[in-house]
Amino acid sequence: MGERHLNFSSDDILNGILNNDRKVLEYLYETYFSKVWKLVEKYQGTKDDAWDLFQETILQTIDMIKKEGFELKCSFSTFFASIYKRLWFMELRERGQVFMASLDTFDFPDIIDEEELIINQRENRFARIFARHYRKLDFDCKKVLRLTMKNIDGKGIIEKTNFTSIASAYNKRRKCLARLTEMILNDPEFNKLNDYEKL
Amino acid sequence: MIYKYFHGELDEGELWEFKKSIESNPIMVAEVEQFKKIHDLSNDATKLDVLNSLHLIHQTHQESANRWHIASYYKIAVAATVLVLIGFGGFWLFNKSHQNANDKLFAAYFAPENSMFTLRSGTTNLEQPVMQGIQYYELKNYNAAVDMFIKAPENLIAKLYGALSYMELNEFEKAKQNFKQIIEHNDNLFIDQSEWNLGLCYIKTNDLKEARLIFEKIAKENSVYKTRAQKLLREMEN
Chain G
5 MGERHLNFSS DDILNGILNN DRKVLEYLYE TYFSKVWKLV EKYQGTKDDA
55 WDLFQETILQ TIDMIKKEGF ELKCSFSTFF ASIYKRLWFM ELRERGQVFM
105 ASLDTFDFPD IIDEEELIIN QRENRFARIF ARHYRKLDFD CKKVLRLTMK
155 NIDGKGIIEK TNFTSIASAY NKRRKCLARL TEMILNDPEF NKLNDYEKL
Chain E
71 MIYKYFHGEL DEGELWEFKK SIESNPIMVA EVEQFKKIHD LSNDATKLDV
121 LNSLHLIHQT HQESANRWHI ASYYKIAVAA TVLVLIGFGG FWLFNKSHQN
171 ANDKLFAAYF APENSMFTLR SGTTNLEQPV MQGIQYYELK NYNAAVDMFI
221 KAPENLIAKL YGALSYMELN EFEKAKQNFK QIIEHNDNLF IDQSEWNLGL
271 CYIKTNDLKE ARLIFEKIAK ENSVYKTRAQ KLLREMEN
């Protein structure tokens with residue numbers, strides 16, 4: 005828990021992820037993305053695979069931190085590496101390429117519950133797809149969705165936007181969600197997901 | 071209908087119909103679940119915010135990596151161009167400096183041939199074109215001289231003075247050909263002169279290896295050019 009990474013302790017990193025701290029996320033990207041890419045490349049994965057894996061590792065970290073009673077019992081780097089290595093092993097197994105790598109060769113400490121990863125993975129794959137299409141929405145759509153995500157009420161939304169009434173903001177949100185849903189349903193990656201992952 | 075359901079916009083009748091269709095239609099169930107998932111996610115900012123931040127970071131790094139690649143290619147291209155220019159420049163300067171040194175050697179040792187000496191030591195029975203050519207040569211009208219000499223292709227004096235004329239005209243390859251033919255003839259009085267001047271032609275054309283070979287040969291023999299060849303070789307070493 006007391007391990008420090010440059011200016012960040014493990015606690016700083018965990019809190020930084022939860023609070024969307026740009027400096028912490030940059031630190032994580034600069035420190036770990038190349039390692040993730042190296043592992044993926046070793047087993048014939050692409051850079052896009054590495055990027056997806058890196059994002060999912062961060063999302064898994066969020067899930068674990070948010071879990072009640074979570075306590076980091078090793079260094080953050082060991083914890084993080086355990087997640088991305090295990091996730092990549094699961095991915096290879098899913099692709100039928102598990103012959104390329106046995107669990108032993110991945111050399112990760114047994115600190116991550118694979119069942120838990122599988123459950124979270126369903127959500128997180130979908131979250132990645134959701135975020136990808138959310139970014140394609142126009143500015144007003146993103147703003148109104150963000151405000152409702154933050155539980156800002158109708159009055160607050162009007163104050164922070166150019167909408168003239170709660171009804172118009174509500175209609176905008178409804179249309180934006182419909183547009184977002186349409187894009188997600190037409191996403192090839194979404195359609196490749198197993199039914200249980202879509203649900 | 072699904073949107074209305076999730077936003078609580080269905081009236082009692084619509085809601086009844088909607089629930090009935092869900093019970094009998096598994097595809098509809100899956101669709102409803104998908105909408106529920108999207109709806110739920112649209113209410114959870116943490117992951118979305120983190121993913122968006124990561125996307126920006128990734129994009130920035132990719133762009134800077136691309137810029138670095140472009141800059142690298144540009145730098146490599148510039149460096150390569152500079153190296154090529156330096157290479158060519160160096161090669162040019164190297165050649166130029168060598169050429170300057172060679173020109174000095176050539177100027178120091180090349181002397182217009184005394185035609186009277188040759189004529190006396192050669193033959194007095196000269197063809198008309200050869201005689202005219204020598205006259206032009208004495209008048210330093212080398213082009214006219216060459217025109218005369220090529221009219222007597224078998225005449226060795228014409229070959230010798232033709233070669234000397236070519237040297238004056240800076241046509242060293244043609245001069246070399248003439249000198250080589252005289253040397254290969256091997257039974258005439260002009261071999262020493264031809265070897266010496268052939269060596270000078272090699273210096274002038276920067277073929278120092280051949281020049282050295284021929285001057286070393288002259289330096290070892292009892293040629294009238296022996297002393298000059300030895301001196302020239304020493305100067306070539308410097």
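Protein chains in written order, with the working numbering: chain G, 5 to 203; chain E, 71 to 308.
Ideal Cβ placement from N, Cα and C applies to all residues, glycine included.
Asked: Euclidean distance between Cα positions of E:Ile227 and E:Asn248; Found: 10 Å
Asked: Within chain G, partners of E:Ala115 - CB distance below 8 Å; Found: Arg150, Met153 and Lys154
Asked: E:Phe158, buried or exposed, once every other Cβ within 10 Å from all chains shown has been counted against 16; Found: exposed
Asked: E:Asn267 beta carbon less than 8 Å from that of E:Gln169; Found: no
Asked: Exposure label - G:Lys27; buried when at least 16 CB within 10 Å; Found: exposed
Asked: The region 16 to 30 of chain G: positions lying closer than 8 Å to chain E by Cβ; Found: Ile21, Leu22, Asn24, Arg26, Leu29 and Glu30
Asked: Partner residues on chain G for E:Val120, Cβ-Cβ distance less than 8 Å; Found: Ile21, Asn24, Leu29, Ile62, Leu63 and Ile66
Asked: Contact the region 81 to 91 of chain E vs the region 176 to 191 of chain G: 3+ CB pairs below 8 Å; Found: no
Asked: Reference E:Ala178, options E:Ala135, E:Asn225 and E:Leu270, closest by Cα; Found: E:Leu270
Asked: When E:Tyr231, E:Glu286, E:Glu241 and E:Lys274 are compared against E:Ser264, the one with the closest alpha-carbon; Found: E:Tyr231
Asked: Cutoff 8 Å: E:His128 Cβ touching any chain G Cβ; Found: yes
Asked: Test: G:Gln59 CB closer than 8 Å to a CB of chain E; Found: yes
Asked: Simplified DSSP assignment, three categories, for G:Thr185; Found: helix
Asked: E:Ser313 versus G:Pro192 - alpha carbon distance; Found: Any property of residue 313 of chain E remains undetermined from this structure, which presents chain E solely from 71 to 308.
Asked: Residue environment, G:Ser14, which counts as buried when at least 16 other CB atoms sit within 10 Å; Found: buried
Asked: Distance CB(E:Tyr207)-CB(E:Ser235) smaller than 8 Å; Found: yes
Asked: G:Thr50 versus G:Ile87, G:Lys71 and G:Glu95, residue with shortest Cα-Cα distance; Found: G:Glu95
Asked: Coil, strand or helix - G:Ile156 by DSSP; Found: coil
Asked: Contacts around E:Glu243, its chain only, beta-carbon distance under 6 Å, and the 5 residues preceding and following it disregarded; Found: none
Asked: Cα-Cα separation between G:Leu184 and E:Val148, rounded to whole angstroms; Found: 48 Å
Asked: Span of the alpha helix (DSSP H) around G:Glu75; Found: No alpha helix (DSSP H) contains G:Glu75, which DSSP labels as neither H nor E.
Asked: Among E:His131, E:Thr297 and E:Ala115, nearest to G:Leu22 - alpha-carbon criterion; Found: E:Ala115
Asked: G:Trp55 at chain C interface by Cβ criterion, 8 Å; Found: Any reference to chain C falls outside this structure, whose protein chains are G and E.
Asked: Reduced DSSP secondary structure (H/G/I, E/B, other) of E:Lys221; Found: coil
Asked: DSSP state of E:Thr297 mapped onto helix, strand, coil; Found: helix
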